[in-house]
Structures are given as C-alpha cells and as structure tokens.
DNA sequence: AGCCCGATGTCCT
DNA sequence: GGACATCGGGCTA
C-alpha cells in the first residue's frame, strides 16, 4: 500500500509555477467508496497565471460564477466543464491562478487495464476515470478528509530524480504571446504523459 | 436571446 | 492532418 501524508494548509500559497512543478510526483487520491481507494501519481501539469495570462479563465480580472473559486483560498479545487463533455481538474493557488492536472500514473486501486489503456493521460480522461465533476468545485484539495485530495508520498523514491520537461501549454493557440510560454510540465520519461513531445 | 468557441478526445483519411 | 461530437460560459445587443 502507498503511504502518504497531508500537506500544510499553506502549501499551495506559493508561486504558481513553483507549485505546478512541485506537484509532479505528488499523489492524487480518490476515494470512490469505503472499498475503493484510487491512488495515482501526478506526472503532468500546466500553470495558469491569473489576470495577466490571456489563456487563463480569470484573465483581465474576470469574476463570474465559474471563475470565482479561482480567487478563493490556495488549495481550493477548481473543476470546469469543457467541450460539452469533459471536466478538468485544477488546484487553485490564489489570486485567480491555478494549476491544471493533465496526466496521472496509476499506482494502486486501479484495474489492470488502466496501466496500459492510458485512461489517465489527459485532463478530460483522468476526470472521467476518477469520476470527477463539478461536485468537487470549491472543495479543499489539500484535506485528506475529502474524497479527492492531493498528498505527499511517504516513500519518495520516485521523487529523488525528479527531472521534468517544460514546454508550451496544450490547446492554447489564440493567446498571442502566451501561447509560447513554457508553462506545461511533465515528468521525464513517464509513459503516462498526455503527449510525449515537449 | 443569440452567437461563438473552447485548458478535449476520438475517429477518420 | 482534419472533422466533429456536444453544451456551458462569456460577450454582444
């Protein structure tokens, strides 16, 4: 069994790029029911830099029913619905900034198919597989009491050589200059990246 | 009220 | 590489 411990309350209250990089290798834990605990490792993230980032939902200080959670406490969960059929999971870092969780590696609790099917390699796919929807919007992603949370692995062997790629974010084409900002991060050589190329 | 398009994924050629 | 499914959010009016 994978052991984990919780983060400090202010773990996410840091520079968003730093949090996005630091999330690589951390655990995402999903409790479906008392029998079913899915533990995965975060292998790919993207940083969204708030009101000054044209690709960010809160760009220009937009405060709407959708984006309001991006301005809540660091550690808050932001889930949005996209393309009429997918959800995407984010960790709020405050001030309208957030980190998108783009890909996971299965660790424990998963079906053997999940280890070959790439069912966690993409922001929409991982939410579908983990049954994440807007019910989690606004929840506390740093609390181990929740049914969905991020935690620190006790056995840090995967983290010792945490080399990662950085590259442009996916699906950001019409954001001008910001389309090229290297704000996508992925663990090097992970077979579970949403796309191997950076 | 209406319009456009998107932080995606899948299937096709 | 390109089409497209499918619908809520945000902007215009």
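Residue numbers (this note's numbering): 301 to 498.
Backbone N, C-alpha and C fix where the C-beta goes; we use that ideal spot for every residue, glycine too.
No experiment lies behind these values; they were computed from the predicted model shown.
Cutoff 8 Å; reference residue i; Cβ partners in own chain excluding five residues on either side
{"i": "residue 462", "result": "324, 325, 487"}
Proximity test, residue i beta-carbon vs the ligand COA heavy atom, cut-off 7 Å
{"i": "residue 393", "result": "The ligand COA is absent from the structure shown, which contains no ligands of any kind."}
Residues that residue i bridges to, as DSSP identifies them
{"i": "residue 376", "result": "440"}
{"i": "residue 406", "result": "340"}
{"i": "residue 345", "result": "401, 485"}
{"i": "residue 357", "result": "Answer by DSSP bridge pairing: none, since residue 357 is not bridged."}
Counted within 10 angstroms of its Cβ, other Cβ atoms place residue i as buried (16 or more) or exposed
{"i": "residue 361", "result": "exposed"}
{"i": "residue 421", "result": "buried"}
{"i": "residue 494", "result": "buried"}
{"i": "residue 266", "result": "In the structure as shown, the chain begins at 301 and stops at 498. Residue 266 is therefore absent and cannot be evaluated."}
{"i": "residue 335", "result": "exposed"}
{"i": "residue 341", "result": "buried"}
{"i": "residue 433", "result": "exposed"}
{"i": "residue 322", "result": "buried"}
{"i": "residue 397", "result": "buried"}
{"i": "residue 406", "result": "buried"}
DSSP state of residue i mapped onto helix, strand, coil
{"i": "residue 543", "result": "Only positions 301 to 498 of the chain appear in this structure, which leaves residue 543 out of reach."}
{"i": "residue 305", "result": "strand"}
{"i": "residue 449", "result": "strand"}
{"i": "residue 331", "result": "strand"}
{"i": "residue 478", "result": "helix"}
{"i": "residue 350", "result": "helix"}
{"i": "residue 466", "result": "strand"}
{"i": "residue 393", "result": "strand"}
{"i": "residue 498", "result": "coil"}
Separation of residue j from residue i, as counted between CA atoms
{"i": "residue 382", "j": "residue 366", "result": "12 Å"}
{"i": "residue 331", "j": "residue 410", "result": "12 Å"}
{"i": "residue 364", "j": "residue 430", "result": "27 Å"}
{"i": "residue 485", "j": "residue 333", "result": "31 Å"}
{"i": "residue 413", "j": "residue 404", "result": "14 Å"}
{"i": "residue 499", "j": "residue 357", "result": "Lying before the first or after the last residue shown, residue 499 is absent from the chain, which here runs from 301 to 498."}
Same chain, Cβ closer than 7 Å to residue i, neighbours up to 5 away in sequence not counted
{"i": "residue 476", "result": "354"}
{"i": "residue 436", "result": "377, 379, 448"}
{"i": "residue 359", "result": "351, 353"}
{"i": "residue 400", "result": "345, 346, 348, 388, 390, 423"}
Sequence-distant residues of the same chain with beta carbon closer than 6 Å to residue i, five excluded per side
{"i": "residue 408", "result": "302, 339"}
{"i": "residue 424", "result": "386"}
{"i": "residue 393", "result": "312, 316, 319, 374"}
{"i": "residue 395", "result": "350"}
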